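Chain order of the listed sequences is A and B.
Per the working numbering: the first sequence = residues 369 to 546.
Per the working numbering: the second sequence = residues 369 to 546.
Cβ coordinates follow ideal geometry from the N, Cα and C atoms, glycine included.
On a predicted model such as this, the values are computed, not experimentally measured, just so you know.
2 protein chains.
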Amino acid sequence: MVRTRALGIDPGSRVTGFGVVEQRGYDLVYIGSGRLAPGDALPFPARLKMIYQGLGEAIDQYRPTEAAVEDLFFAKNAKSALILGHARGVCLLAAENSGLPIFEYSPRQIKQSVVGYGAAAKEQVQEMVRLLLGLPERLPKDTSDALATAICHLHTQGSTALRNGLMDRAGPNKDLEL
Amino acid sequence: MVRTRALGIDPGSRVTGFGVVEQRGYDLVYIGSGRLAPGDALPFPARLKMIYQGLGEAIDQYRPTEAAVEDLFFAKNAKSALILGHARGVCLLAAENSGLPIFEYSPRQIKQSVVGYGAAAKEQVQEMVRLLLGLPERLPKDTSDALATAICHLHTQGSTALRNGLMDRAGPNKDLEL
């Protein structure tokens with residue numbers, strides 16, 4: 369059985385969250401997660417380096433097979449968009465340099481996929497991530513959002529695989545027809 | 369004599385220009401320049417990788433001692449700012465990962481330093497870069513802007529060095545007092 373292990377990334381210049389989730393048949397298994405939070409005392413380029421290196425180390429450690437990132441083409445204003453772009457750029461670069469296929473999902477797709485409602489509140493996302501992964505407690509927002517992005521990717525890829533009959537051949541659900 | 373060799377960078381997701389200029393006493397010497405223009409056909413993360421790798425190769429080839437980048441905290445809109453931020457982020461990362469000190473200058477500072485007028489037109493910048501570096505013809509805007517950023521940095525550092533008496537000790541102008 370092919371196992372998909374997704375790295376979800378929630379980029380931010382203050383905190384970048386990441387989370388790794390594996391699809392095993394119909395189960396979603398929590399593999400690991402973390403927060404990269406370079407302090408404000410560091411110069412901006414050094415903060416970017418810490419995010420880039422931290423993600424690279426997470427990829428080495430958790431060995432995801434693909435990466436998923438929020439597709440953020442809106443922002444409060446041009447200045448915050450520019451700063452966020454720097455962080456998101458080095459995140460994409462870390463995934464690309466590790467040879468991972470990269471997928472992007474809108475915030476609405478992610479909420480729809482995890483909570484079943486595209487305009488869900490942050491707390492609903494945190495709680496559903498906790499429930500879907502069987503975690504003892506809610507995770508911080510950055511980590512939870514990263515895991516939600518990974519889950520969205522696995523749901524999306526999973527349904528594509530099911531439609532294409534891939535899981536029917538590979539997985540334990542041989543009588544499934546969609 | 370300490371020689372400062374500045375790498376100027378003009379980040380862009382379509383074209384990133386770079387230019388290397390060395391200060392030799394009062395002379396500015398053109399060392400090299402280039403344009404990194406990943407085609408639109410490439411996925412966005414692959415374009416970021418090409419910019420990052422291209423700058424890394426330029427740093428290996430031209431061995432600058434410091435880097436200068438335009439400090440761009442404005443943009444037409446949030447979407448273009450976000451995209452530009454990605455490119456600028458991987459440029460800063462390339463310089464940071466090469467251990468270069470990074471300096472930032474506003475567009476106004478750069479024009480002021482090169483043309484002597486903060487609201488100078490693009491063509492004036494291109495022409496002054498050509499004259500200051502003794503080039504046979506004007507360079508494309510991306511390259512010219514990158515060289516202008518390097519020149520601005522050398523002018524700024526040079527005047528600081530002069531004020532601090534560093535060039536007085538190190539350089540050929542021993543009778544200079546500022």
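- A distance of 8 Å or more separates the beta carbons of B:Glu464 and B:Asp378.
- Cβ neighbours of B:Ser401 within its own chain (closer than 8 Å, five residues either side excluded): Gly385, Phe386, Gly387, Val388, Leu507, Thr511, Ala514 and Leu515.
- Under DSSP, the beta-bridge partners assigned to B:Phe471 are B:Ala436.
- The Cβ of A:Pro413 sits closer than 8 Å to at least one Cβ of chain B.
- Those residues of the region 464-493 of chain A placed with their C-beta closer than 8 Å to a C-beta in chain B are Glu464, Asn465 and Ile470, ordered along the chain.
- Interface residue (Cβ-Cβ distance to chain B less than 8 Å): A:Leu452 is classified as such.
- Assignment of A:Tyr394 by DSSP, reduced to helix, strand and coil, places it in the coil class.
- Where B:Gly376 is concerned, the enclosing beta strand (DSSP E) starts and stops at Thr372 to Asp378.
- Close partners of A:Val458 in chain B (Cβ separation under 7 Å): Gly457, Val458 and Leu461.
- In the assembly as shown, B:Tyr394 is an exposed residue. Its beta-carbon has fewer than 16 other beta-carbons within 10 Å.
- Residue state for A:Leu410 is assigned as coil, using DSSP reduced to three classes.
- Assignment of B:Arg403 by DSSP, reduced to helix, strand and coil, places it in the strand class.
- Chain order gives no chain B residues near A:Leu404, where near means a beta carbon separation below 9 Å; the closest approach is about 14 Å.
- One finds Gly457, Leu460, Leu461 and Glu464 in chain A with Cβ atoms closer than 8 Å to the Cβ of B:Leu416, taken in chain order.
- When the beta-carbon positions are compared, B:Thr517 and B:Ala436 come within less than 8 Å of each other.
- Contact with chain B is found for A:Tyr420, since one of that chain's Cβ atoms lies less than 8 Å from the residue's Cβ.
- Counting along the chain, the unbroken alpha helix (DSSP H) around A:Asn465 starts and ends at Ala446 to Asn465.
- Under the three-state reduction of DSSP, B:Val383 is assigned to coil, being neither helix nor strand.
- In this structure, the CA atom of A:Val383 is about 21 Å from the CA atom of A:Arg476.
- The straight-line gap separating the alpha-carbon atoms of B:Pro432 and B:Leu460 is approximately 14 Å.
- If you look at A:Glu491, you'll find it in the alpha helix (DSSP H) that goes Lys490 to Leu501.
- Around the beta carbon of B:Arg415, 16 or more other beta carbons lie within 10 angstroms, which makes this residue buried.
- With 16 or more other Cβ atoms inside 10 Å of its own Cβ, A:Ala446 counts as buried.
- Counting every other CB atom within 10 Å of its CB across the protein chains shown gives B:Gly453 a total of 16 or more, marking it as buried.
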